[in-house]
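Step one of this worksheet: look at the structure below.
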Amino acid sequence: MAPPEFANELVALLPRLRRFAISLTGSAAEADDLVQAACERALRAHDQFVPGTRLDSWLFRIIRNLWIDGIRKRKTEGVMATIEDAIDLAGEDGRSATETALTLNEVTAAVEHLPDEQRTVLLLVCAEERSYQDAADTLGVPIGTVMSRLARARRTLTAALHLDGATAGTSPVRQGMP
Amino acid sequence: MTETDITDIKLMMLADGKLNDREARDLRSRIANDPDLAVRYADFVETRALLEPQGHDTSTAHDETGAADSIAAAIRATAQALENGTPVQRPAIPRERPVLNVIEGGGTGTADQPSAQRITGHRAGWRLPLAAALAFAIGGLGGYLLHNQIGPQGTSPGIDLLASRPGLNDTLQQALTHAASSTDVAWSDLSSGSSGRIHILSSHRLGDGALCREYEIRTARSGDARVLGASCRRDGRWNAEIALALPGTGTGYTPASGDNLVERHLEDRGSAGPISPDEEKTLIGGGWSSNLK
Numbered sequence: 000m001a002p003p004e005f006a007n008e009l010v011a012l013l014p015r016l017r018r019f020a021i022s023l024t025g026s027a028a029e030a031d032d033l034v035q036a037a038c039e040r041a042l043r044a045h046d047q048f049v050p051g052t053r054l055d056s057w058l059f060r061i062i063r064n065l066w067i068d069g070i071r072k073r074k075t076e077g078v079m080a081t082i083e084d085a086i087d088l089a090g091e092d093g094r095s096a097t098e099t100a101l102t103l104n105e106v107t108a109a110v111e112h113l114p115d116e117q118r119t120v121l122l123l124v125c126a127e128e129r130s131y132q133d134a135a136d137t138l139g140v141p142i143g144t145v146m147s148r149l150a151r152a153r154r155t156l157t158a159a160l161h162l163d164g165a166t167a168g169t170s171p172v173r174q175g176m177p
Numbered sequence: 000m001t002e003t004d005i006t007d008i009k010l011m012m013l014a015d016g017k018l019n020d021r022e023a024r025d026l027r028s029r030i031a032n033d034p035d036l037a038v039r040y041a042d043f044v045e046t047r048a049l050l051e052p053q054g055h056d057t058s059t060a061h062d063e064t065g066a067a068d069s070i071a072a073a074i075r076a077t078a079q080a081l082e083n084g085t086p087v088q089r090p091a092i093p094r095e096r097p098v099l100n101v102i103e104g105g106g107t108g109t110a111d112q113p114s115a116q117r118i119t120g121h122r123a124g125w126r127l128p129l130a131a132a133l134a135f136a137i138g139g140l141g142g143y144l145l146h147n148q149i150g151p152q153g154t155s156p157g158i159d160l161l162a163s164r165p166g167l168n169d170t171l172q173q174a175l176t177h178a179a180s181s182t183d184v185a186w187s188d189l190s191s192g193s194s195g196r197i198h199i200l201s202s203h204r205l206g207d208g209a210l211c212r213e214y215e216i217r218t219a220r221s222g223d224a225r226v227l228g229a230s231c232r233r234d235g236r237w238n239a240e241i242a243l244a245l246p247g248t249g250t251g252y253t254p255a256s257g258d259n260l261v262e263r264h265l266e267d268r269g270s271a272g273p274i275s276p277d278e279e280k281t282l283i284g285g286g287w288s289s290n291l292k
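Top to bottom, those sequences are chains W and A.
Numbering that gives the first Met the number 0 numbers the first residue of the first sequence as 0 and each following residue consecutively.
Numbering that gives the first Met the number 0 numbers the first residue of the second sequence as 0 and each following residue consecutively.
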């Protein structure tokens, strides 16, 4: 895919990417800087994007890693981390984006492997965007049960998709299906 | 919930927007200072994002500044440059000398100054790098302050002031904790025989919940040269977040661009402007422990 075409795909994802980044940072300004940096990074590495994988998942990874790297940096160096630095690290010096994109099937398969009770809650809240209380009413269980099942489901999913622990520069590029 | 472990449930509730404002601020400020917590939190944000309906893109919230359009434009420009093999136009970030000029007050000519247009540039553009280029986050007053870059001959009164004044540092901690905005606190430092005053300007709450205060430090001997700074509360201490040394103008209290830069830096980190005197009073009364429930 040529860069301009790839850029169109990114622009189409912008609302979701910005929502994702705002969820992470709690700040629209910080989120926008993250999204812009992540998109630039993705563009530079666009030839590493594996067709058939989810572009959104790839960008979520990049945004997440930039954000966490920033927090680490601030913590360890006592220096304000800049998005610009993150781009410099990842971009022009030839280092590549190493974040992994997920295939649609990977996510679906991981969800299907969850215990029934966890899967139901997960789909109600995350896919159908129902409230915790609404999910509790639907399932006829206390809201506390919904929350603990939901948290467990997401932890399991995180592990199954290898979302945790993989940060920029350390995770291998995974091609297609595992 | 003070020093106990942050549970997954809490992190999940934040990711799902189910915490009230106060709890959300509290948790966000912890996350911003704890990479491990940030990883755990990101897991919950990411699992939700991966499962949300795709093509669900009606959200235009938080876009009163047209940020989405300017990001889109930047993406397309970058793509075009990559396609054409031309250099990617990124805003020129003043890196070395311009930074020092600003820190020192810009005494070496106008060419290296960030232009007014850059300073007042579009809110939605490259604000963070700009702020970063102009700002120095330092580990605390009295720490390392650009010695290498400035060199021995370039030390300004302001930089010197910040460099090593244990007495000042202690007084600043006290003043930031106890003094209301718009008040002055005298400081003196026996080790260097210097003294002056600290003027507290305002208090801010950042997007991540961090509590910060803006202030000005003057010395008795430096005329109207001054240091403008902002420090944020973390782990029971005030850590200097940004410090700009401005030279004296000889004309008294003329506000320099540095005033705006400190404000701007706080805005870039999510401050909606100074908090109210009442809220500040409450924070002072509570020892700035609003992060705890």
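Ideal Cβ placement from N, Cα and C applies to all residues, glycine included.
From a predicted model like this one, the values you see are computed outputs, not experimental measurements.
How is the alpha helix (DSSP H) around residue i delimited, first residue to last?
i        : result
Asn238/A : Premise fails: Asn238/A lies in the beta strand (DSSP E), 236–245, not in any alpha helix (DSSP H).
Glu213/A : First-last for Glu213/A: 210–218, but that is the beta strand (DSSP E), not the alpha helix (DSSP H).
Arg151/W : 142–159
Arg53/W  : Taken as a continuous stretch (DSSP letters only), Arg53/W belongs to no alpha helix (DSSP H), as it is neither H nor E.
Lys9/A   : 7–14
Arg129/W : From DSSP, Arg129/W is part of no alpha helix (DSSP H); its letter is neither H nor E.
Pro2/W   : 2–24
Glu98/W  : Counting along the chain, Glu98/W falls outside any alpha helix (DSSP H), and DSSP gives it neither H nor E.
Val38/A  : 34–50
Thr119/W : 115–121
Ser180/A : From DSSP, Ser180/A is part of no alpha helix (DSSP H); its letter is neither H nor E.
Ala31/A  : 20–31
Val34/W  : 27–43
Ser69/A  : 66–83
Between residue i and residue j, how many whole angstroms is the CB-CB distance? I'm expecting something under 8 Å.
i        : j        : result
Leu101/W : Thr52/W  : 6 Å
Ala67/A  : Ser22/W  : About 16 Å; that fails the 8 Å criterion.
Asp188/A : Arg196/A : Incorrect: roughly 12 Å between the Cβ atoms, too far for contact.
Pro14/W  : Leu42/W  : The pair is not a contact, with the Cβ atoms about 18 Å apart (cut-off 8 Å).
Trp287/A : Thr170/A : The Cβ separation is near 17 Å, so there is no contact.
Ala20/W  : Ile61/W  : Contact doesn't hold; Cβ gap of about 11 Å is too wide.
Val261/A : Leu245/A : With 8 Å as the limit, Val261/A and Leu245/A do not qualify as a contact, their Cβ atoms being about 10 Å apart.
Ala126/W : Pro52/A  : 7 Å
Asp7/A   : Arg148/W : 12 Å between Cβ atoms; not a contact.
Arg217/A : Asn32/A  : Between Asn32/A and Arg217/A the Cβ distance is about 31 Å, and since that is not below 8 Å, they are no contact.
So residue i contacts chain W; which residues on that side make the cut at Cβ distance below 7 Å?
i       : result
Gln79/A : Pro3
Glu82/A : Ala1, Pro2, Pro3
Lys17/A : Tyr131
Arg27/A : Gly25
Ala71/A : Val10, Leu13
Could you check whether the Cβ of residue i sits closer than 8 Å to any heavy atom belonging to the ligand FMN?
i        : result
Ala242/A : Absent from the structure shown: the ligand FMN. Ligands present: none.
So residue i contacts chain A; which residues on that side make the cut at Cβ distance below 8 Å?
i        : result
Met146/W : Ile8, Met11, Met12
Phe48/W  : Neighbours of Phe48/W on chain A: none; closest Cβ ~13 Å, over 8 Å.
Leu154/W : The residue asked about is misnamed: residue 154/W is Arg in this sequence, not Leu. Under the 8 Å cutoff, chain A gives Asp7, Asp42.
Under 8 Å between beta-carbons, which chain W residues line up against residue i? List them in chain order, please.
i       : result
Leu50/A : Val106, Val110, Leu121, Leu122, Cys125, Ala126
What residue range does the beta strand (DSSP E) around residue i cover?
i        : result
Ser193/A : 193–204
Ile274/A : Looking at the DSSP string, Ile274/A is not in any beta strand (DSSP E), and its letter there is neither H nor E.
Asp188/A : 183–188
Cys231/A : 225–233
Taking 9 Å as the cut-off, decide whether the C-beta atoms of residue i and residue j are in contact.
i        : j        : result
Leu16/W  : Ala44/W  : no
Leu50/A  : Val106/W : yes
Gly208/A : Gly25/W  : yes
Ala159/W : Ala109/W : yes
Leu12/W  : Asp55/W  : yes
Ile293/A : Arg39/A  : The structure shown does not extend to residue 293/A, since chain A spans only 0 to 292, so no value can be given for it.
Ala6/W   : Ile74/A  : yes
Ser201/A : Ile274/A : yes
Phe59/W  : Met0/W   : no
Glu215/A : Arg225/A : yes
Ala72/A  : Val87/A  : no
Leu121/W : Asp42/A  : no
Gly269/A : Ala28/W  : yes
His203/A : Cys211/A : yes
Leu36/A  : Arg29/A  : yes
Val145/W : Leu156/W : no
Just the chain W side, please: which residues come within less than 9 Å of residue i by C-beta, in chain order?
i        : result
Asp306/A : Nothing in the structure corresponds to residue 306/A, since chain A is present only between 0 and 292.
Name the chain A residues that come within less than 7 Å of residue i, Cβ to Cβ?
i        : result
Ala150/W : Asp7, Ile8, Met11
Ile70/W  : Ala31, Pro34, Ala37
Thr157/W : Asp42, Thr46
Ala134/W : Here the premise fails: no neighbours, minimum Cβ distance about 11 Å.
Ala6/W   : Ile74, Arg75, Ala78
Leu9/W   : Ile74
Kindly list, in the order they appear in chain A, the residues whose Cβ is closer than 9 Å to that of residue i.
i        : result
Asp115/W : Chain A residues near Asp115/W: none, gap ~17 Å exceeds 9 Å.
Ile61/W  : By Cβ distance, chain A contributes nothing, its closest Cβ being about 12 Å from Ile61/W, past 9 Å.
**Prompt:** Of the residues that make up the stretch 30–49 of chain A, which ones have a beta carbon closer than 7 Å to any beta carbon in chain W?
**Reply:** Here the close residues are Ala31, Asn32, Pro34, Ala37, Val38, Ala41, Asp42, Phe43, Val44, Glu45, Thr46, Arg47, Ala48, Leu49.
**Prompt:** What residues in the stretch 30–44 of chain W bring their beta carbon closer than 8 Å to a beta carbon of chain A?
**Reply:** Identification of residues in the stretch 30–44 of chain W having a C-beta nearer than 8 Å to some C-beta of chain A yields Ala30, Asp31, Asp32, Val34, Gln35, Cys38, Glu39, Leu42, Arg43, given in sequence order.
**Item:** Within 8 Å of chain W by C-beta, residues of the stretch 258–276 of chain A in sequence order
**Value:** Of all residues in the stretch 258–276 of chain A, Glu266, Asp267, Arg268, Gly269 have a Cβ within less than 8 Å of some Cβ in chain W.
**Asked** When you check each C-beta in the stretch 167–189 of chain A against every C-beta of chain W, which residues fall closer than 7 Å?
**Response** Against chain W - using a Cβ distance shorter than 7 Å - the stretch 167–189 of chain A contributes no residues.
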